[in-house]
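Okay, structure first, notes after.
Residue numbers (the numbering used here): 8 to 209.
Have a look at this one:
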């Protein structure tokens with residue numbers, strides 16, 4: 008009976024052994040591939056993080072060198088790629104290349120592949136550096152309505168734009184609305200209170 012069992016095992020193995028072997032190899036390849044993928048992704052993220060921090064450090068001393076480093080950097084995970092675009096726009100703006108900075112912000116807020124918060128930040132950044140953009144002011148109203156995190160900042164920006172356009176009463180009313188909003192922090196409250204004092208003195 009033992010010999011019969013051995014013969015049956017040999018028979019089954021000869022019939023199905025190659026399939027079992029293939030499955031085992033496939034499992035090993037999948038597990039090994041997954042581990043390699045995780046290792047590679049972690050390495051990419053670590054390299055991207057170090058590269059980003061290095062550029063931030065360089066930008067404190069040499070803006071042009073930092074911009075060159077950003078231009079040379081490629082193949083980054085999306086989050087870092089967008090952060091570097093924001094940083095580049097900010098650096099360009101600091102050295103007076105406003106039109107180039109505006110092009111980057113426009114590229115960001117029109118990019119359909121990025122998160123809506125990134126787009127909203129790009130819209131706010133663009134408007135902060137150039138109030139004369141009627142299309143973006145419409146988008147700013149949408150941020151005020153739909154983005155809880157940036158609502159007060161967007162209202163403050165809109166109030167400044169209204170003031171620049173001579174609409175003092177509308178600007179004043181919006182600053183009061185911000186001051187009375189429940190989520191306002193102490194620093195913003197003090198700043199807006201000072202702005203409202205200026206309105207009263209005028």
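Beta carbons: idealized from backbone N, C-alpha and C, even for Gly.
Just to confirm the assignment, what range does the alpha helix (DSSP H) spanning residue i have?
| i | result |
| --- | --- |
| residue 170 | 158–171 |
| residue 141 | 141–153 |
| residue 180 | 175–186 |
| residue 116 | 105–116 |
| residue 83 | Counting along the chain, residue 83 falls outside any alpha helix (DSSP H), and DSSP gives it neither H nor E. |
| residue 127 | 123–136 |
| residue 195 | 193–208 |
So, for residue i: in the same chain, excluding its five sequence neighbours on each side, which residues have a beta-carbon less than 7 Å away from its beta-carbon?
| i | result |
| --- | --- |
| residue 95 | 74, 77, 111 |
| residue 177 | 169 |
| residue 188 | 159 |
| residue 182 | 166, 199, 202, 203 |
| residue 135 | 164 |
| residue 191 | 159, 185 |
| residue 180 | none |
| residue 51 | 84 |
| residue 58 | 80 |
Once you ignore the five residues that flank residue i on each side, which residues in its own chain have a CB closer than 6 Å to its CB?
| i | result |
| --- | --- |
| residue 55 | 83, 84, 87 |
| residue 107 | 99 |
| residue 93 | none |
| residue 161 | 147, 150, 151 |
| residue 114 | none |
| residue 171 | 138 |
| residue 206 | 179 |
| residue 116 | 126, 129, 130 |
| residue 68 | none |
| residue 175 | none |
| residue 173 | none |
| residue 60 | none |
To the nearest whole angstrom, what separates the beta carbons of residue i and residue j, a pair I think is in contact under 8 Å?
| i | j | result |
| --- | --- | --- |
| residue 146 | residue 130 | 5 Å |
| residue 163 | residue 185 | 6 Å |
| residue 143 | residue 133 | 6 Å |
| residue 102 | residue 70 | 5 Å |
Keeping to the same chain, check which residues put their C-beta closer than 8 Å to that of residue i; ignore five residues upstream and five downstream.
| i | result |
| --- | --- |
| residue 137 | 105, 109 |
| residue 62 | 73, 76, 77, 80, 91, 94 |
| residue 140 | 133, 134 |
| residue 2 | Outside the shown range of the chain (8 to 209) lies residue 2, about which nothing can therefore be said. |
CB of residue i to nearest heavy atom of the ligand PLP: below 8 Å?
| i | result |
| --- | --- |
| residue 121 | Ligands in the displayed structure: none, and consequently the ligand PLP is not present. |
TODO: Please confirm if the region 151–164 is in contact with the region 123–131, defined as three or more CB-CB distances below 8 Å between the two stretches.
DONE: Touching, yes, given that three or more Cβ pairs across the two stretches are closer than 8 Å.
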